[in-house]
Amino acid sequence: MTRQPRETYVSPERYGFPKTSAVVMRRRIAAIIVAVLAAASIAVVMVIALVTSATGMPFDGSGAGANSPTTADAYPADGETGAIDLNDPISPFSIEHPAVARLDPALRDAIQAAASDAEAEGVSIELTSGWRSADYQASLLSNAIADYGSEEAAREFVSTPQASKHVTGEAIDIARVDPALWLEQYGNAYGLCRTFANESWHFELATTPGGECPAMLADASEAQ
Ligand SMILES: [Zn+2]
Numbered sequence: 236m237t238r239q240p241r242e243t244y245v246s247p248e249r250y251g252f253p254k255t256s257a258v259v260m261r262r263r264i265a266a267i268i269v270a271v272l273a274a275a276s277i278a279v280v281m282v283i284a285l286v287t288s289a290t291g292m293p294f295d296g297s298g299a300g301a302n303s304p305t306t307a308d309a310y311p312a313d314g315e316t317g318a319i320d321l322n323d324p325i326s327p328f329s330i331e332h333p334a335v336a337r338l339d340p341a342l343r344d345a346i347q348a349a350a351s352d353a354e355a356e357g358v359s360i361e362l363t364s365g366w367r368s369a370d371y372q373a374s375l376l377s378n379a380i381a382d383y384g385s386e387e388a389a390r391e392f393v394s395t396p397q398a399s400k401h402v403t404g405e406a407i408d409i410a411r412v413d414p415a416l417w418l419e420q421y422g423n424a425y426g427l428c429r430t431f432a433n434e435s436w437h438f439e440l441a442t443t444p445g446g447e448c449p450a451m452l453a454d455a456s457e458a459q
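In terms of our numbering, the sequence shown is residues 236 to 459.
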């Protein structure tokens, strides 16, 4: 029996398969690690981008990007009346206050523009009233009835919740005489008009900017 020459038998190990396989495995593991690191890096970048864009938006949880806490839709929260302390009037720029926040945006823009121009002339326009809740308006009316002795007398100064332009956010009252006089003189440039002959402090958006103000009503009881 002839022995098979040894050189005809070639072990797979002699070709280095196990060694090659180990190298391939290490390369595959390395490729997987690189892929995982790359995916993690992309995820981190995306999270940072999302957080940045989210914090950069006026997000208020309402789901509507156009809304911000300064718009009327955000108010009233429970119990808000819009009441302002007469001894501590507020700026028309106090948009965190419901009396300003709930104003008709066009009126708010107009009084802010007027206040900025007045400020440049040394006149400080502040508000003693803006938006009021219907409940608050009703309490003002009942207090006025008690003070004046009759609803007829009270209605000359205080409207019903149904008639009041304050309840709809369409009226503002100006603190102090001089700023009110300034606004009576120049307000029409912003569309702002004094609307009652007996209330030098009460203004509404009643004309187009630069237009002529309508004739004043005698008092609030004439407003419907
Ligand atoms: Zn008023």
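Where is the CB? At the ideal position from N, CA and C, for every residue including glycine. This one's a predicted model, so the numbers in the text were calculated from it and none came from an experiment.
By the 10 Å Cβ neighbour count, where 16 or more other Cβ atoms means buried, how is residue i classified, buried or exposed?
i, result
"Gly-446", "exposed"
"Gly-357", "exposed"
"Gly-317", "buried"
"Thr-430", "buried"
"Phe-182", "This structure cannot speak to residue 182, because the chain is shown only from 236 to 459."
"Gly-404", "buried"
"Asn-322", "exposed"
"Gly-314", "exposed"
"Arg-263", "exposed"
"Ser-399", "buried"
"Ala-349", "buried"
"Asn-378", "exposed"
"Asn-423", "buried"
"Asp-320", "exposed"
"Ala-450", "exposed"
"Pro-340", "exposed"
"Ala-410", "buried"
"Ala-472", "A question about residue 472 goes unanswered here, because the residues of the chain that appear run from 236 up to 459."
"Ser-368", "buried"
"Pro-444", "exposed"
"Val-412", "exposed"
Compute the beta-carbon to beta-carbon distance between residue i and residue j, rounded to the nearest angstrom, for a pair I have assumed lies under 8 Å.
i, j, result
"His-401", "Gln-372", "6 Å"
"Val-393", "Ala-458", "11 Å between Cβ atoms; not a contact."
"Ala-353", "Pro-414", "7 Å"
"Ile-407", "Ile-346", "6 Å"
"Leu-416", "Leu-342", "Rounded, the Cβ-Cβ distance is 20 Å, inconsistent with contact."
"Leu-452", "Ala-432", "7 Å"
"Leu-375", "Thr-395", "With a Cβ gap of about 10 Å, Leu-375 and Thr-395 do not count as contacting."
When you compare the CB of residue i with every CB in chain B, is at least one pair closer than 7 Å?
i, result
"Glu-434", "Note that chain B does not occur in the displayed structure, where there is just one protein chain."
If you pair each beta-carbon of the region 380-389 with each one of the region 330-350, do three or more pairs fall below 8 Å? no
Whole alpha helix (DSSP H) elements within the region 310-392, 4-residue minimum: 333-336, 340-355, 369-383, 386-389
Counting beta carbon pairs with one atom in the region 362-378 and one in the region 413-427, are three or more of them shorter than 8 Å? no
Restricting to runs no shorter than 3 residues, where is the beta strand (DSSP E) found entirely within the region 393-456? 406-409, 427-431, 434-440
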